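J.: First residue of the sequence shown: 34, per my numbering; consecutive thereafter. Before I ask anything, here is the structure I am working with.
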Amino acid sequence: MSVEARLARLEANSEIQQLPIRYALAVDKRDLDMWTRLFVPDVNLGRHGVGRDALKAYIEPQVRWFYRSLHMICGHRIELGPDGPAGPELARGSVYCRAEHEVGDRWIVMAIRYDDSYRRVDGEWLFERRRERHWYAADVTERPQEVGFDSWGTMGRRPPLPAVDPEWGRFWAASDVGAVTTHPVGELGE
34 MSVEARLARL
44 EANSEIQQLP
54 IRYALAVDKR
64 DLDMWTRLFV
74 PDVNLGRHGV
84 GRDALKAYIE
94 PQVRWFYRSL
104 HMICGHRIEL
114 GPDGPAGPEL
124 ARGSVYCRAE
134 HEVGDRWIVM
144 AIRYDDSYRR
154 VDGEWLFERR
164 RERHWYAADV
174 TERPQEVGFD
184 SWGTMGRRPP
194 LPAVDPEWGR
204 FWAASDVGAV
214 TTHPVGELGE
């Protein structure tokens, strides 16, 4: 790989690494314009529409469910796509996050993994898609296992992690998980 190609990949990696913290800052400041500018102009929200205006209309009521929030980025893995003439144009990654939310008299703590797709548009790296997945959401005074891993009740079902990852199931398949947990994955229908 040429020095120019290696440099382009390093620059892409560095620019992409800034997206999750910029996202966290935008959420916690409630700067919806900053938040939506982190996404590609043609961001696809499925049944909720296409574009940054649709994204803003979707997220504004979401962030009115809680007053204060704090999103802490705990790690970021990036896989760059193949190189084009100016370096990679597509990438994907996973971001770990611990988020805290003031909801009335409760302080909800969430363990999150974002599975992201990134695309370079006019020389700038942006989110193409963010898929938010949870391990749990529980008040700081609660044990996640004791409240079905979602005492906030925003997910409508048990959080998908860790069961969404096939490696998880393969690892535990031949084990007596009852020896290490009283709440095994699968007991509530996931």
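Ideal placement from N, C-alpha and C gives every residue a C-beta, glycine not left out. Values in this document were obtained by computation on a predicted structure and should not be read as measured data.
1) Can you give, in chain order, each stretch of the beta strand (DSSP E) that sits fully within the stretch 130 to 178 and has at least 3 residues?
2) Considering only residues of the same chain and omitting the five flanking positions on each side of residue 81, which have a CB-CB separation below 7 Å?
3) Closest by CA to residue 103, which one among 132, 120, 94?
4) From residue 58 to residue 177, what does the alpha carbon distance come to, in whole angstroms?
5) Excluding five sequence neighbours on each side, which residues of the same chain lie with their C-beta closer than 7 Å to the C-beta of residue 109?
6) When the Cα atoms are used, what is the spatial distance from residue 145 to residue 184?
7) Looking only at its chain, what residues have a beta carbon closer than 7 Å to the beta carbon of residue 158, apart from the 5 residues adjacent to it on each side?
8) Going by C-alpha to C-alpha distance, which of 191, 162, 64, 148 sits closest to residue 169?
T.: Looking at the atomic coordinates:
1) 139 to 154, 157 to 172
2) As a position in the sequence shown, residue 81 is number 48, starting the count at 1. If we look at residue 81 and ignore the five residues flanking it on each side, its Cβ neighbours are 87, 91.
3) Counting from one through the sequence shown, the residue named residue 103 turns up at place 70. The shortest C-alpha separation from residue 103 is found at 132.
4) By 1-based counting over the sequence shown, the position of residue 58 is 25. By 1-based counting over the sequence shown, the position of residue 177 is 144. Going from the Cα of residue 58 to the Cα of residue 177 covers about 26 Å.
5) As a first step, residue 109 must be located in the sequence shown, where it is residue number 76. If we look at residue 109 and ignore the five residues flanking it on each side, its Cβ neighbours are 50, 53, 126, 128.
6) Along the sequence shown, read from residue 1 onward, the residue named residue 145 stands at position 112. Along the sequence shown, read from residue 1 onward, the residue named residue 184 stands at position 151. When rounded, the distance between both Cα atoms is 15 Å.
7) Within the sequence shown, the letter at position 125 stands for residue 158. Excluding residues within five positions, the ones whose Cβ falls inside 7 Å are 45, 48, 49, 52, 151.
8) Along the sequence shown, one-based indexing puts residue 169 at 136. Of the listed residues, the one whose Cα sits closest to residue 169 is 191.
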